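Colleague:
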Amino acid sequence: MEPDFIILGAQRAGTTTLFRVLNEHPDVVRPTVTKGTGYFESNYGKGRAWYRSHFPIRALARWRTGGRARTFESSGYYLFHPLSASRIAADLPNVRVVAMLRDPVERAYSAHRHELRRGFETEEFEPALALEAERLAGEEDRIRTQPGYDSFDHRHHAYVTRSRYADQVQRYVDALGPERVFIVDADRFFTEPQDELTELFAWLGLNPWLPAEVEQWNAQPREPMDDELRARLREEFAESDEKLRGLMRRPPSWRSEPERPTSGASEGTQG
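Count along the sequence shown from 1, add 2, and you get the number used in my numbering.
1) State the start and end residues of the unbroken alpha helix (DSSP H) segment that holds ASP143.
2) How would you call ARG144, buried or exposed, if buried means at least 16 neighbouring beta carbons within 10 angstroms?
3) Of all the alpha helix (DSSP H) runs that stay within the bounds of the region 11–76, which reach a length of 4 or more residues?
4) Can you tell me whether TYR53 is buried or exposed, with buried defined as 16 or more other CB within 10 angstroms of its CB?
5) Give me the DSSP bridge partner(s) of ILE90.
6) What three-state label does DSSP hand VAL107 in the structure shown?
7) Leaving aside the five residues before and after LEU249 along the sequence, list all residues of the same chain whose C-beta is less than 6 Å from its C-beta, in chain order.
8) Grab the span of the alpha helix (DSSP H) containing VAL171 for me, first residue to last.
9) Considering Cα atoms alone, identify which of ALA132, PHE203 and TYR111 is closest to GLU225.
10) Contact between the region 71–90 and the region 139–158 is defined here as three or more beta-carbon pairs at a separation below 8 Å; is this criterion met?
11) Bridge partners for ALA101 per DSSP, in chain order?
12) What is the residue span of the alpha helix (DSSP H) that LEU208 lies within?
13) Can you check which of these residues, LEU138, LEU94 and ARG14, is closest to PHE7 by C-alpha distance?
Okay, here's the thing in structure tokens:
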């Protein structure tokens, strides 16, 4: 099999939770080894046979699901990688993609904590933000022009840039068409999971089904962000969020609801 749908990210936006929920759906069979292959980013040179080896045998999957087998994969980097959209469009002409987006301020803060804990970051949050433009300078061009190039800084140090969602989503809309791109508002997802999952499953063509509960995976406690820094970042994302409003089914929750107090916990996907 090859994927019927792909979770694109964003990183630290709850995609691990969504992956686990979809993995429980009676119509769905997961990749055979890991939740994602990284094929449409750093592993693209390994070829389609390598990619397909990560997914179930169709006949066995249909037997397991009673004939309605769907499979998928998940990546925290596909949404941000500059070549993934065009590669997916070329190789999987009928695939649908799901972007799970979180309050961009919280995502950036959570991503920094994630990279710090993994040893990929050595600077504290504000110094890392100050270094971001220098670290990313020229990296996207190198990815586009040098086949097989995997940028450490682009993958691990793009805190603010990776939270500007609108251009990333638009890249997929342009490559696949708007009817094949679905945006999940992660903040609403964790508040109203049944409503959000019902809509997503219908869009994916899956039978109605709901899990007994939706457990938050990969939460990482952290001290609340400084209020002045939070306000500055909120303004930093204003233009992107306004563009995103036109791509979503409704305004993003972090722009349409009163500012929420920080819980001190950061949830999202690894990768």
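The C-beta atom is built at its ideal place from N, Cα and C for all residues, glycine as well.
If you're wondering where the values come from, they're calculated on a predicted model, not measured in any experiment.
Modeller: The short version:
1) Per DSSP, ASP143 is one residue of the alpha helix (DSSP H) stretching across 141–147.
2) In summary, ARG144 is exposed, with fewer than 16 beta-carbon neighbours lying within 10 Å of its beta-carbon over all protein chains present.
3) Fully enclosed alpha helix (DSSP H) runs of 4 or longer: 17–26, 50–54 and 60–67.
4) Buried, because 16 or more other Cβ atoms sit within 10 Å of the Cβ of TYR53.
5) Beta-bridge annotation (DSSP): ILE90 is not paired with any residue.
6) Per DSSP, reduced to three states, the secondary structure at VAL107 is helical.
7) Same-chain partners within the cutoff: VAL171.
8) Unbroken alpha helix (DSSP H) run through VAL171: 167–178.
9) Checking every option, the nearest Cα to that of GLU225 belongs to TYR111.
10) Flag = yes, the region 71–90 and the region 139–158 touch.
11) Beta-bridge pairing links ALA101 to GLY11 and ILE185.
12) No alpha helix (DSSP H) contains LEU208, which DSSP labels as neither H nor E.
13) Selected option, being the one with the closest Cα: LEU94.
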